[in-house]
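If you read the sequence shown in UniProt numbering, its first letter stands for residue 1, the second for the next number, and so on.
Don't be surprised by glycine CBs; every beta carbon is placed ideally from N, CA and C.
Following: one structure in structure tokens, then a few remarks.
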Amino acid sequence: MKSESMRIKEISLRQDPDLRKELALLARGCDFVLPSRFKKRLKAFQQVQVQTKKEETLPPSLSQNIPTFYFPRGCPKEKVNIDAVIAKIERTFSEFPNERATLEDMGKVAKACECPLYWKGPLFYCAGGERTGYVSVHKFVAMWRKILQTCYDDAAKFVHLLMNPGCNYLVQEDFIPFLQDVVNSHPGLSFLKEAAEFHSRYITTVIQRIFYTVNRSWSGKITCNELRKSNFLQNVALLEEEADINQLTDYFSYEHFYVIYCKFWELDTDHDLYIDRKDLARHNDHAISNRMIERIFSGAVTRGRKAQKDGKISYADFVWFLISEEDKKTPTSIEYWFRCMDLDGDGALSMYELEYFYEEQCQKLDNMAIEPLPFEDCLCQMLDLVKPQYEGKITLHDLKQCKLTDVFFDTFFNIEKYLDHEQKDQFSMLRDGEGESQEVSDWERYAAEEYDILVAEEAAGDQWNDGYEAELNPVDHQKASVLKYQMEKRPFFEMPSHLAGVDLDEYDYEEDFE
1 MKSESMRIKE
11 ISLRQDPDLR
21 KELALLARGC
31 DFVLPSRFKK
41 RLKAFQQVQV
51 QTKKEETLPP
61 SLSQNIPTFY
71 FPRGCPKEKV
81 NIDAVIAKIE
91 RTFSEFPNER
101 ATLEDMGKVA
111 KACECPLYWK
121 GPLFYCAGGE
131 RTGYVSVHKF
141 VAMWRKILQT
151 CYDDAAKFVH
161 LLMNPGCNYL
171 VQEDFIPFLQ
181 DVVNSHPGLS
191 FLKEAAEFHS
201 RYITTVIQRI
211 FYTVNRSWSG
221 KITCNELRKS
231 NFLQNVALLE
241 EEADINQLTD
251 YFSYEHFYVI
261 YCKFWELDTD
271 HDLYIDRKDL
281 ARHNDHAISN
291 RMIERIFSGA
301 VTRGRKAQKD
311 GKISYADFVW
321 FLISEEDKKT
331 PTSIEYWFRC
341 MDLDGDGALS
351 MYELEYFYEE
361 QCQKLDNMAI
371 EPLPFEDCLC
381 QMLDLVKPQY
391 EGKITLHDLK
401 QCKLTDVFFD
411 TFFNIEKYLD
421 HEQKDQFSML
431 RDGEGESQEV
441 SDWERYAAEE
451 YDILVAEEAA
461 GDQWNDGYEA
471 ELNPVDHQKA
481 SVLKYQMEKR
491 PFFEMPSHLA
501 GVDLDEYDYE
511 EDFE
């Protein structure tokens, strides 16, 4: 009865011409005062509107129709039988005395967990094995069950195993126990067991190469997403299959480490594992311009505060420099040199900044009695080479689209390579770059050539020593033996002798400006 009366009032409101006129004026934004005789009718009309809205069924929330698309710990796959995995692990532990596994036993446990062999170190340390020297079955099962319930892919599991409590990323120090286990147990590095002084430098080199390739944000913190997008975990899995560590050229090659450290040792005359501006300027017979050297030491690409405070960079910084110098086509190396050339940090290379670096190149060419190309002509060539999107500036995106970034950078700060490029035709360089196998990078080619040179020099030195020793008396022969031993130890003579000597500076990264 009540609803019927309300419907009658609603109809009467619609039929009332005066009220309809006033409401129409209100809809158009006009001000008016309702007469008192209309107030009751309007109130009844509003009540009907509220009642109608309540009776309408609301559509389901839009968010309910959007599937989940963000999985920071990996996308959950089909339901994993966790109990079956745990049972397999328990059977493996039952083979060990008192159901306790040492680090040497963790290879079998890693396989029971369906992980690559060289995850054994992270599994052992994450379960607390470092404190006691062993891992009990109950503690390991509790740890691995939690990981299976919260981490759904290899990247998330690996980060969880290595990270510090409360973090969701990896810093450089997190990799040290894992890499120390690789050094101790990989057959390709067995010759290092009796040379502990080599361990710290090799580990430092591998860590820098990991962050150089994987940490695309330059944050100093490797996230699950960055690890997922890289090929690092695939290389860790290959450690089990490849007995020759030098075949894993992306991160673990000992030959690459040997080349990098020999180059650093030649510059580090006082062997304090730091080099200053004068030391770095001697690299490759003073090929790098002084203005670029100043930019490297300005903090544009260095990690610690020592470059700004004491005017020195560490061995870790030198790893980044040498790889970027010898292969200017990778994303990280392009970003490295772009940061150095971007004097004002505005994210673009202006014509002034290009001229600033080219001036020193012209001075060097004059000293060599070579007539330099005028900057205007050089600029036209470089703009044709890069083809920037916006007139008057070159952005990081422009350089990453260019296939001859090495020619661009060498033109402005590496006189030796600039002259080499000038001897070649631009189109032939572009054709050669497209025709080269993508499997061999500029860095790999350089490292292989330098390693062969170092081996040949060492062999020639041994032959010279052998011929010289034959003419010595017994006393001189003994001295020569000591000298030969020291030469064989080079370039690692007088190096730190314990892993604790690994000096990974606290890195302060700039935010990426791209």
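Tell me the residue span of the alpha helix (DSSP H) that contains residue i.
i, result
"residue 570", "Lying outside 1 to 514, the shown extent of the chain, residue 570 is not represented and no answer is given."
"residue 111", "106 to 112"
"residue 400", "396 to 401"
"residue 338", "331 to 341"
"residue 185", "176 to 185"
"residue 381", "375 to 386"
"residue 91", "82 to 93"
"residue 245", "Segment: none, residue 245 is in no alpha helix (DSSP H) and carries neither H nor E."
"residue 130", "129 to 132"
Quick one: what does DSSP say residue i is sitting in, helix, strand or coil?
i, result
"residue 43", "helix"
"residue 101", "strand"
"residue 411", "helix"
"residue 217", "coil"
"residue 502", "Below a pLDDT of 50, predicted positions are generally treated as unreliable, and residue 502, at 45, falls in that range; the measurement from the model is reported next regardless. Residue 502: coil per DSSP, three-state reduction."
"residue 348", "strand"
"residue 289", "coil"
"residue 119", "helix"
"residue 165", "coil"
"residue 170", "strand"
"residue 230", "coil"
"residue 312", "strand"
"residue 369", "coil"
"residue 302", "coil"
"residue 417", "helix"
"residue 205", "helix"
"residue 264", "helix"
"residue 223", "strand"
"residue 424", "coil"
"residue 393", "strand"
"residue 405", "helix"
"residue 475", "A caution first: residue 475 carries a pLDDT of 34, below 50, which makes its placement in the model unreliable, though a value can still be read off. Residue 475 falls in the helix class under three-state DSSP."
Going by C-alpha distance, which of the options is nearest residue i?
i, options, result
"residue 346", "87, 394, 378", "394"
"residue 290", "360, 232, 227", "360"
"residue 232", "352, 419, 367, 119", "119"
"residue 453", "255, 280, 116", "255"
"residue 277", "241, 311, 399", "311"
"residue 89", "135, 296, 77", "135"
"residue 414", "286, 223, 267, 229", "286"
"residue 151", "137, 138, 168", "168"
"residue 411", "130, 396, 388, 354", "354"
"residue 158", "236, 378, 461, 369", "236"
"residue 299", "330, 266, 342", "342"
"residue 400", "385, 143, 459", "385"
"residue 450", "271, 284, 117, 349", "284"
"residue 377", "225, 351, 200", "351"
"residue 216", "279, 145, 130, 332", "332"
Please look up how many angstroms separate the CB atoms of residue i and residue j, rounded, as I've assumed it's under 8 Å.
i, j, result
"residue 162", "residue 174", "5 Å"
"residue 214", "residue 447", "Actually they do not touch by this definition, with Cβ atoms about 19 Å apart."
"residue 140", "residue 127", "5 Å"
"residue 338", "residue 358", "Going by Cβ atoms, the distance from residue 338 to residue 358 rounds to 16 Å, so no, they are not a contact pair."
"residue 275", "residue 313", "6 Å"
"residue 123", "residue 112", "So it is not a contact: roughly 10 Å between Cβ atoms."
"residue 327", "residue 443", "4 Å"
"residue 402", "residue 408", "7 Å"
"residue 297", "residue 264", "Not confirmed; about 16 Å, so no contact."
"residue 372", "residue 362", "4 Å"
With the cut-off set at 8 Å, would you say residue i and residue j are in Cβ contact?
i, j, result
"residue 405", "residue 323", "no"
"residue 515", "residue 170", "Because the chain in this structure spans residues 1 to 514, residue 515 falls outside the shown range and cannot be described."
"residue 179", "residue 85", "no"
"residue 251", "residue 182", "no"
"residue 248", "residue 239", "yes"
"residue 172", "residue 198", "no"
"residue 187", "residue 243", "yes"
"residue 292", "residue 340", "yes"
"residue 301", "residue 356", "no"
"residue 87", "residue 93", "no"
"residue 76", "residue 121", "no"
"residue 125", "residue 204", "no"
"residue 423", "residue 320", "no"
"residue 99", "residue 137", "yes"
"residue 261", "residue 303", "no"
Please indicate yes or no: does the CB of residue i lie closer than 7 Å to some heavy atom of the ligand HEM?
i, result
"residue 392", "Summarising the ligand content, the structure contains no ligands, and the ligand HEM is consequently not present."
Beta strand (DSSP E) containing residue i: first to last residue?
i, result
"residue 274", "274 to 276"
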